[in-house]
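Participant: I am attaching a structure below and will ask some questions about it afterwards.
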């Protein structure tokens, strides 16, 4: 007893209630300090999604199939359905120009509605315009990665510096396709016009087609042609030069053709 009284340092006796009180006191002190883990400031939780809606995205994969745009939208729809509460997406569509469809949001209903509004635009794709818009978006919102969905029908290189990682997911290209790729006219010596029309086919095209020429809505002439293995055909029509006219060339493939918008040309 004397040793315990005179000893300057002594151990506490084991007391469960005392230990519980100490733990509660530590917990209250930590709660008052409001500790938190410093993350990446939400950068990984935001992601812009670029969706190609140019002419080639209207191509079908097979007869009665879906367009390339519908396949891309289905991927984005699955991305939206799998979002976590702290994730936000921004939807941007692009063809000849880019357009922001929905700003960063985790509202799945709003994102689905914006996705449904995207339609095929029968013009070429300008991926640089989409990337410039996304780069401008990075000045006001932080993100590390951008998802790009396209069939790849744009230049291989884009002259733009990116501050983010580009996750390019290529949509499988459409099925066999033939289309009008050139149309021009040249004045002949007798005053009439020689109209030259170029028709090309993809490598998997095997079949024939009929090419018709209309002048001011009336059919002038037609020719049959056959394309196979990526070959090209050049067709010549002769049109009178007695008056100014509007010419329309129309290609009618005999079998399945994945893309319809390149079957008509105007001059």
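Numbering (our numbering), first residue to last: 23 to 289. We treat Cβ as the ideally placed atom computed from N, Cα and C, and that holds for glycine. Bear in mind that the values here come from a model prediction, so they are computed numbers and not experimental data.
Go ahead and label residue 206 buried or exposed: buried means 16 or more other beta carbons lie within 10 angstroms of its beta carbon, across all protein chains shown.
Facilitator: As a first step, residue 206 is located in the chain shown; it is residue number 184 there, counting from the start. Label assigned to residue 206: exposed.
Participant: Which value, in whole angstroms, describes the spacing of the CA atoms of residue 236 and residue 270?
Facilitator: Sequence index remark: in the chain shown, residue 236 carries index 214 (1-based). Sequence index remark: in the chain shown, residue 270 carries index 248 (1-based). The straight-line gap from Cα to Cα measures roughly 5 angstroms.
Participant: So, with DSSP's three-state summary, where would you put residue 80?
Facilitator: Taking the chain shown and counting its residues from 1, one reaches residue 80 at position 58. If DSSP states are grouped into helix, strand and coil, residue 80 belongs with the helices.
Participant: Tell whether a beta-carbon distance below 8 angstroms holds between residue 168 and residue 156.
Facilitator: Stepping through the chain shown from its first residue, residue 168 is reached at position 146. Stepping through the chain shown from its first residue, residue 156 is reached at position 134. Yes, the Cβ-Cβ distance between residue 168 and residue 156 is below 8 angstroms.
Participant: Got a sec, what are the start and stop residues for the alpha helix (DSSP H) residue 191 sits in?
Facilitator: Position 169 of the chain shown, counted from the start, is the residue given in the question as residue 191. No alpha helix (DSSP H) holds residue 191; the beta strand (DSSP E) holding it covers 187 to 192.
Participant: With a cut-off of 8 angstroms, do at least 3 Cβ pairs link the stretch 106 to 115 to the stretch 71 to 91?
Facilitator: With the cut-off at 8 angstroms, the stretch 106 to 115 and the stretch 71 to 91 touch.
Participant: Considering only the alpha carbon of each residue, which of 283, 109, 284, 275 lies closest to residue 227?
Facilitator: Residue mapping note: residue 227 aligns to position 205 of the chain shown, counting from 1. The candidate whose alpha carbon is nearest that of residue 227 is 275.
Participant: How close, in whole Å, do the beta carbons of residue 196 and residue 280 come, if the pair is a contact with beta carbons under 8 angstroms?
Facilitator: For this step, residue 196 is matched to residue 174 along the chain shown. For this step, residue 280 is matched to residue 258 along the chain shown. Correct: roughly 4 angstroms between the Cβ atoms.
Participant: Kindly indicate which three-state DSSP category residue 273 falls into: helix, strand or coil?
Facilitator: In the chain shown, the residue the question calls residue 273 occupies position 251. Looking at residue 273 - three-state DSSP - the assignment turns out to be strand.
Participant: Measuring CB atoms only, is the stretch 177 to 188 touching the stretch 255 to 265, in the sense that at least three cross pairs come out at less than 8 angstroms?
Facilitator: They do not touch, by the three-pair rule.
Participant: Is the number of C-beta pairs between the stretch 130 to 143 and the stretch 93 to 103 that are closer than 8 angstroms three or more?
Facilitator: The stretch 130 to 143 is in contact with the stretch 93 to 103.
Participant: CA-CA distance, residue 171 and residue 137?
Facilitator: Residue numbering aside, residue 171 sits at position 149 when the chain shown is read from its first letter. Residue numbering aside, residue 137 sits at position 115 when the chain shown is read from its first letter. When rounded, the distance between both Cα atoms is 13 angstroms.
Participant: State yes or no: is the C-beta of residue 147 within less than 8 angstroms of the C-beta of residue 175?
Facilitator: What you label residue 147 is simply residue 125 of the chain shown in a count that begins at 1. What you label residue 175 is simply residue 153 of the chain shown in a count that begins at 1. Cβ distance < 8 angstroms, so residue 147 and residue 175 count as in contact.
Participant: Ignoring anything shorter than 4 residues or poking outside the stretch 92 to 156, list the alpha helix (DSSP H) runs there in chain order.
Facilitator: Listed in chain order, the complete alpha helix (DSSP H) runs (minimum 4 residues) inside the stretch 92 to 156 are 130 to 138.
Participant: Three-state secondary structure (DSSP) at residue 206?
Facilitator: Translated into the one-based positions of the chain shown, residue 206 becomes position 184. Strand.
Participant: DSSP three-state label for residue 289, please.
Facilitator: Counted from its first residue, the chain shown places residue 289 at position 267. Coil at residue 289, not helix or strand.
Participant: Work out the CA separation of residue 67 and residue 200 for me, nearest whole Å.
Facilitator: Position 178 of the chain shown holds residue 200. Position 45 of the chain shown holds residue 67. In a straight line, the C-alpha of residue 200 is about 43 angstroms away from that of residue 67.
Participant: Near residue 220, what residues of its chain come up, given a Cβ to Cβ distance below 6 angstroms and the 5 sequence neighbours on each side ignored?
Facilitator: Walking along the chain shown from the start, residue 220 turns up at place 198. Excluding residues within five positions, the ones whose Cβ falls inside 6 angstroms are 203, 204, 256.
Participant: Sorted by chain position, which residues of the same chain lie with C-beta nearer than 6 angstroms to residue 108's C-beta, five sequence neighbours on each side aside?
Facilitator: Here residue 108 refers to the residue found at position 86 when the chain shown is read from its first residue. So the list reads 67, once near-sequence residues are dropped.
Participant: Based on DSSP bridge pairs, tell me the residues matched to residue 158.
Facilitator: Looking up residue 158 in the chain shown gives position 136. DSSP output for residue 158 lists no bridge partner at all.
Participant: If you draw a straight line from the C-alpha of residue 39 to the C-alpha of residue 111, how long is it?
Facilitator: Your numbering for residue 39 matches position 17 in the chain shown. Your numbering for residue 111 matches position 89 in the chain shown. Those two C-alpha atoms are separated by around 51 angstroms.
Participant: Around the C-beta of residue 273, are 16 or more other C-beta atoms found within 10 angstroms, so that it is buried, or is it exposed?
Facilitator: The count along the chain shown starts at 1 and reaches residue 273 at position 251. Answer is buried; the Cβ neighbour count reaches 16.
Participant: Are there 16 or more other CB atoms within 10 angstroms of the CB of residue 89, so buried, or fewer, so exposed?
Facilitator: Start at 1 with the first residue of the chain shown, and residue 89 comes out as number 67. So residue 89 ends up on the buried side.
Participant: Please classify residue 124 as buried or exposed, where buried requires at least 16 neighbouring CB atoms within 10 angstroms.
Facilitator: In the chain shown, residue 124 corresponds to position 102, counting from 1. Per the 10 Å Cβ criterion, buried.
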